[in-house]
Amino acid sequence: MEQIAYVNGSFVPMSEAKVSILDRGFLFADGIYEVAAVLDGKLIDSASHLARLQRSVGEIALALPETTDRIQEIQKELIARNNLVNGMVYLEVTRGADTGRDFAFPKGVKPTLIMFTSVKDIVNAESAKTGIGVITVPDIRWARRDIKSVALLAQVLAKQAAAEAGAGEAWMVEDGQVTEGGSSSCFILTQDDVIVTRQNSSAILPGCTRKAVVALAEERQLRVEERPFTVAEALAAKEAFITSATVFVQAVVTIDGKPVANGRPGPMTKRLREIYVDFAKATAV
Numbered sequence: 002m003e004q005i006a007y008v009n010g011s012f013v014p015m016s017e018a019k020v021s022i023l024d025r026g027f028l029f030a031d032g033i034y035e036v037a038a039v040l041d042g043k044l045i046d047s048a049s050h051l052a053r054l055q056r057s058v059g060e061i062a063l064a065l066p067e068t069t070d071r072i073q074e075i076q077k078e079l080i081a082r083n084n085l086v087n088g089m090v091y092l093e094v095t096r097g098a099d100t101g102r103d104f105a106f107p108k109g110v111k112p113t114l115i116m117f118t119s120v121k122d123i124v125n126a127e128s129a130k131t132g133i134g135v136i137t138v139p140d141i142r143w144a145r146r147d148i149k150s151v152a153l154l155a156q157v158l159a160k161q162a163a164a165e166a167g168a169g170e171a172w173m174v175e176d177g178q179v180t181e182g183g184s185s186s187c188f189i190l191t192q193d194d195v196i197v198t199r200q201n202s203s204a205i206l207p208g209c210t211r212k213a214v215v216a217l218a219e220e221r222q223l224r225v226e227e228r229p230f231t232v233a234e235a236l237a238a239k240e241a242f243i244t245s246a247t248v249f250v251q252a253v254v255t256i257d258g259k260p261v262a263n264g265r266p267g268p269m270t271k272r273l274r275e276i277y278v279d280f281a282k283a284t285a286v
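Basically the numbering used here = 1-based index in the sequence shown + 1.
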């Protein structure tokens, strides 16, 4: 059965899902996106993703065409229509399509809202068992990385470089310090058992999974420090890992071809992954 997408108020077969070539998301990357995980047919950490969506559109003065409650209803219906058990829902809202290509915001144009689903077994992914390698690349992005913009060319180039190197992710580095992954937040565990991740600012996206993992760690009296760290610190760490909606918590076992500790997923990463999966299942909607 063909996959069903949502486009501006209608559920349509993916082959019929279309937007105008004058849509500002296509012409200017004038839009915001979110990706929410699905486990057992339910949305994971939905409130956090919708809150970030509201914040991002607010930062670029883009009005949502639907309430967040209605967006969640649409996501759930899309999951049901596609019989999705495990995977993700992609959502994008753009400023819409005008009659031409003018940089200034158009007037009287309704925003475009699209969604689609994809299948992925996040919990049982093989890479969760083996860990992944990462490479480091210069962070060449704009100054407002806290906005979840669809302008992802720098991340595309970073992740392509990772793919060509046989790595699972790229860590972006600025002023000698790791900012974040191409599509993930970065963590290390120091030799004295402190979990370190960069603090939220305009330098990084405020990761929803990152936020949940930090809170879950603190609830268990694990030591968490929010600050930048260097690649050298990561290579000297007990463990390193990434978080995102599409991997949950995943060990990083090599950086630029050099092993982190013994080059295998460590116990803290495994523990945090288990804790997060339990949280995800318990709070799914």
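Beta carbons are placed, not taken as given, at the ideal position from N, Cα and C, and that holds for glycine.
Taking C-beta atoms under 8 Å as the contact rule, Tyr91 and Val20 fail to qualify, at a distance of about 14 Å. In the three-state reduction of the DSSP assignment, Leu51 falls in the helix class. The three-state secondary structure of Pro268, taken from DSSP, is helix. In the three-state reduction of the DSSP assignment, Asp70 falls in the helix class, which pools H, G and I. DSSP places Asp24 within a strand segment (E or B) once states are collapsed to three.
A distance below 8 Å between beta-carbons, with the five flanking residues on each side excluded, links Asn125 to no residue of its chain. Per DSSP, the continuous beta strand (DSSP E) segment holding Ala171 begins and ends at 170-175. Here Ile80 carries a helix assignment [DSSP, helix/strand/coil]. Here Lys149 carries a coil assignment [DSSP, helix/strand/coil]. Between Ala262 and Glu240, the C-beta spacing is below 8 Å. Excluding the 5 residues flanking it on each side, Gly97 has same chain C-beta neighbours closer than 8 Å at Asp24, Arg25, Pro107, Val110, Lys111, Pro112, Thr113, in chain order. Distance check between Ile189 and each of Lys271, Phe242, Asp147 places Phe242 closest, using alpha-carbon atoms only. Counting only runs of 3 or more residues that sit fully inside the region 183-235, the beta strand (DSSP E) segments are 186-190, 195-198, 224-227, in chain order.
The three-state reading of DSSP puts Val278 in helix, counting H, G and I together. Rounded to whole angstroms, Phe12 and Arg142 show a C-alpha spacing of 35 Å. A residue is called buried when at least 16 other Cβ atoms come within 10 angstroms of its Cβ; Lys259 does not meet this threshold and is exposed. Between Arg272 and Thr131, the alpha-carbon positions lie close to 15 Å from each other. Excluding its 5 nearest sequence neighbours in each direction, Ile276 has C-beta neighbours in its own chain below 7 Å: Leu217, listed in chain order. Here Lys212 has Ser49 as same chain residues with Cβ atoms under 8 Å from its own Cβ, once five neighbours each way along the sequence are excluded. By the CB criterion at 8 Å, Val135 and Ala162 fall outside the cutoff. CA-to-CA, the gap between Ala30 and Ser186 works out to about 22 Å. The alpha-carbon separation between Leu44 and Ala233 amounts to approximately 37 Å. Around the beta carbon of Leu63, 16 or more other beta carbons sit within 10 angstroms, so the residue counts as buried. In the three-state scheme derived from DSSP, where H, G and I count as helix and E and B as strand, Val124 is classed as coil.
Excluding five sequence positions before and after Ala166, the CB atoms of its chain that fall closer than 6 Å to its own CB belong to Ile136, given in chain order.
In this structure, DSSP gives Ala163 a helical state, which the three-state scheme calls helix.
In the structure shown, Ile75 falls within a helical segment according to DSSP collapsed to helix, strand and coil.
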